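J.: One structure coming up, written as structure tokens, with questions to follow.
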Amino acid sequence: MRSVHLAGIPLLIGMLLLAACGAEGKATRLAASPNGSNGFVVTPVKRSVSEADLAYYSPQMKAIYARGSLRVAMPAMDRKPFFYNNDEGVLSGSDVALAADMAAQLGVGVEYVRTADSFEEVVNQIASGQADVAVSKLSATLPRAQKVLFSNPYLMLHQGLLLNRLAIARLGSASQDPLEILGQAKVKIGVIAGTSYVSYANLLFPEAEVVQYATPQAAMDAAIQGEVAAIYYDELQLKQLLANNPDRSIDLQLHLMPDQVDLIAIAIPPDDVRLLTWVNLYLQSNQARIDSLLVAYGMKSAGGTGSTVAR
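At position 111 of the sequence shown (counting the first as 1) the number is 110 in numbering that gives the first Met the number 0, and the numbers step up by one without a gap.
Next comes the structure, spelled out in structure tokens:
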């Protein structure tokens with residue numbers, strides 16, 4: 000999948016509607032938000048940066064302005080509601096809108112680099128300088144922090160398990176916590192390859208065999224067939240799987256883990272402390288707008304504090 004360049008960011012009606020030229024000169028646009036909310040509007044005019052100011056910028060920041068665009072790494076596969084091509088083939092999602100707004104407030108265009116086959120590859124792209132930032136539902140983990148810098152989290156998800164009801168019933172009593180059962184049992188746990196949940200699972204389920212699947216749907220199919228006792232992933236993706244497969248709720252049970260959180264943050268190259276400072280200030284000063292973005296994409300309840308939002 001090629002990189003997508005977005006040079007101009009006009010004022011939007013609805014969540015986000017953006018027209019620009021792609022790498023091959025084809026028109027590319029970003030979709031409006033799913034609920035039509037206008038609570039979050041991408042900054043309409045790029046900030047002007049003078050040559051005098053640029054003289055004091057770090058070499059990494061100067062390179063962004065010389066290029067004229069912020070390179071944003073995202074995996075090639077879709078992850079609704081964060082980044083995905085909608086039914087019309089239009090790039091959509093909360094992280095897509097967030098990255099566009101960041102670029103506008105920096106004073107440059109935006110280029111979405113969607114060539115990575117996994118989230119781990121996205122981290123490696125940032126570590127090697129192939130992109131300026133990763134705004135892509137990226138979990139901030141201790142091993143990844145040894146490669147890249149992470150911003151303050153802008154979203155906090157609860158982790159969860161999608162349990163095969165029959166398998167869990169065979170392992171323990173109905174009164175037992177499924178997490179306790181799986182933590183002590185020699186079972187198979189399904190995870191998505193290339194995600195942070197591979198390492199999470201090895202830590203949380205030391206007795207289990209961790210089985211990696213290419214997609215969430217493939218993992219769910221394995222759980223339905225009894226090939227694994229459970230799928231381990233974040234609450235949003237697990238709820239989405241159940242919503243997309245309503246007839247399988249009789250086979251599977253969702254178990255949320257309130258004490259296990261997944262911190263979603265922006266990754267930045269390891270030597271770009273100036274950009275890290277800017278991103279953290281951006282997140283802090285635009286918190287109310289970002290909250291409205293998360294509400295529009297169903298990641299937070301309107302008017303509430305929201306258990307999924309990092310503060």
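Built from N, CA and C at the ideal position, the CB exists for glycine as well. This structure is a prediction, so every number in the text was calculated from the model and none was measured.
Which residues bound the beta strand (DSSP E) around residue 133?
T.: Numbered from its first residue, the sequence shown carries residue 133 at position 134. Note, residue 133: beta strand (DSSP E), 132 to 138.
J.: For the putative contact between residue 45 and residue 81, defined by C-beta atoms under 8 Å, what is the C-beta separation to the nearest angstrom?
T.: Your numbering for residue 45 matches position 46 in the sequence shown. Your numbering for residue 81 matches position 82 in the sequence shown. Incorrect: roughly 24 Å between the Cβ atoms, too far for contact.
J.: If you draw a straight line from the alpha carbon of residue 132 to that of residue 259, how long is it in whole angstroms?
T.: Position 133 of the sequence shown, counted from the first residue, corresponds to residue 132. Position 260 of the sequence shown, counted from the first residue, corresponds to residue 259. Rounded to whole angstroms, residue 132 to residue 259 spans 26 Å at the Cα level.
J.: For the pair the stretch 268 to 279 and the stretch 119 to 128, tell me if three or more CB-CB distances fall below 8 Å.
T.: Contact holds: three or more Cβ-Cβ distances are below 8 Å.
J.: Measuring alpha carbon to alpha carbon, tell me which residue in 174, 207, 295, 195 is nearest residue 188.
T.: Here residue 188 refers to the residue found at position 189 when the sequence shown is read from its first residue. The shortest C-alpha separation from residue 188 is found at 207.
J.: At what residues does the alpha helix (DSSP H) containing residue 224 begin and finish?
T.: Translated into the one-based positions of the sequence shown, residue 224 becomes position 225. It is not in any alpha helix (DSSP H) - residue 224 carries neither H nor E in the DSSP assignment.
J.: Identify which residue in 161, 75, 111, 107 has its Cα closest to the Cα of residue 119.
T.: Looking up residue 119 in the sequence shown gives position 120. The residue with the shortest Cα to Cα distance from residue 119 is 75.
J.: Would a C-beta distance cut-off of 9 Å place residue 219 and residue 240 closer than the cut-off?
T.: Locating residue 219 in the sequence shown gives position 220, counting from the first residue. Locating residue 240 in the sequence shown gives position 241, counting from the first residue. Yes, Cβ-Cβ distance for residue 219 and residue 240 is below 9 Å.
J.: Would you check if the stretch 219 to 236 and the stretch 193 to 206 touch, i.e. whether three or more CB-CB distances between them fall below 8 Å?
T.: Yes, since at least three Cβ pairs between the stretch 193 to 206 and the stretch 219 to 236 fall closer than 8 Å, the two stretches touch.
J.: What would DSSP say about residue 147, mapped onto helix, strand or coil?
T.: Against the sequence shown, residue 147 aligns to sequence position 148. Reduced to three states, the DSSP call for residue 147 is coil.
J.: Can you check DSSP and say which residues form a bridge with residue 70?
T.: Residue mapping note: residue 70 aligns to position 71 of the sequence shown, counting from 1. Its beta-bridge partners are 110.
J.: In chain order, which beta strand (DSSP E) runs of at least 3 residues are fully inside the stretch 192 to 248?
T.: For the stretch 192 to 248, whole beta strand (DSSP E) runs of length 3 or above, ordered along the chain, are 208 to 212, 229 to 233.
J.: Using the rule of at least 16 other Cβ atoms within 10 Å of the residue's Cβ for burial, across every protein chain shown, is residue 92 buried or exposed?
T.: Stepping through the sequence shown from its first residue, residue 92 is reached at position 93. Buried, because 16 or more other Cβ atoms sit within 10 Å of the Cβ of residue 92.
J.: Along the chain, where does the alpha helix (DSSP H) containing residue 101 start, and where does it finish?
T.: In the sequence shown, counting from the first residue as 1, residue 101 sits at position 102. Taken as a continuous stretch (DSSP letters only), the alpha helix (DSSP H) holding residue 101 covers 93 to 105.
J.: Residue 24 to residue 59, Cα distance in whole Å?
T.: Here the question's residue 24 lines up with position 25 in the sequence shown. Here the question's residue 59 lines up with position 60 in the sequence shown. Reliability fails at residue 24, whose pLDDT of 30 lies under 50, so the model's placement of it is uncertain and no value is given.
J.: With DSSP as the reference, label residue 279 as helix, strand or coil.
T.: Position 280 of the sequence shown holds residue 279. Helix at residue 279.
J.: Please name the residue, chosen from 263, 165, 286, 201, that lies closest to residue 222 on a Cα-to-Cα basis.
T.: Numbered from its first residue, the sequence shown carries residue 222 at position 223. Of the listed residues, the one whose Cα sits closest to residue 222 is 165.
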